[in-house]
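Student: Below you will find the structure I want to go over with you.
Written out as structure tokens, the structure reads:
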């Protein structure tokens, strides 16, 4: 492979990297994507809860150092690493931010709206215009209508309606309709698992494939250490081949960092950009939503057919706190129940068997609440290095009391829905992952508070861009993937105009 042949080097194959790569490649630019993971195996073990959730078959060798909540010490947290990023493991939820969510952004909702339309088509999202009672303005229709509700989803829908709420069918990037490909069989191994039959419209089936069809190349097993700058411009990307542990460099006329809200700032911090005025902002203002799952225990088996039911969403409460602090509360979504194997593994000692036995009697609701950007919440560099000799990322995160208030408000609403559905008991557990991580290399109008301009261009380096969730000034109250992709399409168009 001749690295000198490429017009742009993109670090990461998640939503931000894939969407940007698609735009650049479709415009005729020669694009190379660098990915630390490998391709999903798409075998029987990909639907095995023990393999994926307990034995962590896709987790990599370079753990993060994380200190959160009231922890006094850092703990190792290992991320999934695979081509397509988190899209391989997500459940397909494809929701737009609302106009009010972008008040603190340097762009307007109207700047994103056509790119939302485009990415919904590219991801083949199933949805219904007007279903969401607080849906933002839109011009495009969905490519496919939503599927009929399964029995567990209908239970939640009916309970919400009985309470006077307006549930809607969640827009989903899953192939329920295109018979030219394998269609979804509506199993329970969607959220949290790679799709063995390739029916989930993850990035390897959609944007990445389109980028490759247009000529983009993907190099896997590459650990990126840093971008190399000379005379105020990026000239190369410093890498390590994971298989051989040999260091090498990839020349870069344009560099796009899209390694996620935890790894992108780490790459930039290792790039020694401290001399730039915005150097101290790199890694700051990390957000991830203040999420929780409410589990209802029912006196009957909630899903004896073992069918897919991540279909129902509630946005009735989205703006309830808007007048207090300008932020969204968030949404409530039906979500799958973990398998008995996973429940047993994560349950406290002494309760493992009992917890596993309750699995068939549970139904869960996910509460996604907006959290606030805080200067102290950050990604930094740890003192120690990983197995490749690269400084590890270190994460410090705490919620504010207002973050928890928004989450707890949704939790009470979720308990009410489950109670009307027939649940007798409830258990709430917080989500500790950074799967919704955003905000750590934010864009903005104010040079004092943002490392990137409105085009997600690093201030002072005209050929360095960031296109993942790191760029978010605020988190909003919905899953971030669709917005990451829409914004990356927008930035990709700017790069094409500026550098092609």
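Residue numbers (our numbering): 250 to 749. Cβ coordinates follow ideal geometry from the N, Cα and C atoms, glycine included.
(1) Once DSSP output is grouped into helix, strand and coil, what is the label at residue 490?
(2) Pull up the CB-CB distance for residue 717 and residue 509, whole angstroms please, since I reckon it's below 8 angstroms.
(3) Take the Cβ of residue 667 as the centre, count every other Cβ of all protein chains shown within 10 Å, and call the residue buried at 16 or more, exposed below.
(4) Tell me whether residue 254 sits in a helix, a strand or coil according to DSSP, three-state version.
(5) Between the segment 339-357 and the segment 714-728, do three or more beta carbon pairs fall short of 8 angstroms?
(6) What residue from 635, 477, 573 and 712 has the CA that sits closest to residue 521's CA?
(7) Buried or exposed, going by whether 16 or more other CB atoms sit within 10 Å of the CB of residue 379?
(8) Mind checking whether residue 483 and residue 701 have CB atoms under 7 angstroms apart?
(9) Among all the DSSP beta bridges, which residues are the ones paired with residue 646?
(10) My understanding is that residue 372 touches residue 455, with C-beta atoms under 8 angstroms, so please give their C-beta distance in whole angstroms.
(11) Would you call residue 549 buried or exposed, if buried means 16 or more other Cβ atoms sit within 10 Å of its Cβ?
(12) Hey, residue 395 and residue 375: beta-carbon distance below 7 angstroms or not?
(13) Are residue 671 and residue 547 closer than 7 angstroms when you measure CB to CB?
(14) Which of the three DSSP states is assigned to residue 664 in this structure?
(15) Just confirm the distance between the C-beta atoms of residue 363 and residue 692, as a whole number of angstroms; I'd bet it's less than 8 angstroms.
(16) Taking DSSP's pairing of strands, which residues face residue 579 in a bridge?
(17) Taking only three categories from DSSP, how would you classify residue 751?
(18) Should residue 386 be labelled buried (16 or more other beta-carbon atoms within 10 Å of its own) or exposed?
(19) Applying the 10 Å Cβ sphere with the 16-neighbour rule, what's the burial state of residue 339?
(20) Using three-state DSSP, classify residue 383 as helix, strand or coil.
(21) Would you list the one or two residues that DSSP bridges to residue 612?
(22) Within the continuous alpha helix (DSSP H) that includes residue 357, where are the two ends?
(23) If you draw a straight line from the C-alpha of residue 321 to the C-alpha of residue 536, how long is it?
(24) Do the segment 307-321 and the segment 259-275 meet, that is, are 3 or more Cβ pairs less than 8 angstroms apart?
(25) From residue 487 to residue 495, what distance separates their C-alpha atoms?
(26) Contact between the segment 618-631 and the segment 643-658: three or more CB pairs below 8 angstroms?
(27) Verify whether the separation of the beta carbon atoms of residue 293 and residue 273 is less than 7 angstroms.
(28) Taking residue 542 as the reference, which of 615, 336 and 683 has the closest Cα?
(29) Assuming residue 585 and residue 451 form a contact by the criterion Cβ under 8 angstroms, report the distance between their Cβ atoms to the nearest whole angstrom.
(30) With distances taken Cα to Cα, identify the nearest neighbour of residue 383 among 265, 569 and 442.
(31) Let me confirm a value: residue 251 is counted as buried when at least 16 other C-beta atoms fall within 10 Å, else exposed. Which label applies?
(32) Let me confirm a value: residue 682 is counted as buried when at least 16 other C-beta atoms fall within 10 Å, else exposed. Which label applies?
(33) Cutting at 6 angstroms between CB atoms, please list the residues of its own chain near residue 660, excluding the five before and the five after it.
(34) Using three-state DSSP, classify residue 368 as helix, strand or coil.
(35) Opposite residue 536 in the DSSP bridges: which residues?
Tutor: In brief:
(1) strand
(2) 6 angstroms
(3) Label assigned to residue 667: buried.
(4) helix
(5) Contact between the segment 339-357 and the segment 714-728 is present, because at least three Cβ pairs lie under 8 angstroms.
(6) 477
(7) exposed
(8) no
(9) Partner(s): 317.
(10) 5 angstroms between Cβ atoms; contact.
(11) exposed
(12) yes
(13) yes
(14) helix
(15) Contact flag wrong, Cβ pair sits at about 19 angstroms.
(16) 618
(17) An answer regarding residue 751 cannot be provided, because it is not within the stretch 250 to 749 covered by the chain.
(18) Residue 386 comes out exposed.
(19) buried
(20) coil
(21) 545
(22) No alpha helix (DSSP H) contains residue 357, which DSSP labels as neither H nor E.
(23) 20 angstroms
(24) no
(25) 11 angstroms
(26) yes
(27) no
(28) 615
(29) Not confirmed; about 16 angstroms, so no contact.
(30) Here the closest residue by C-alpha is 569.
(31) Exposed, by the Cβ-count rule.
(32) Residue 682 is exposed by the Cβ-count criterion.
(33) 541, 543, 616 and 677
(34) helix
(35) 687
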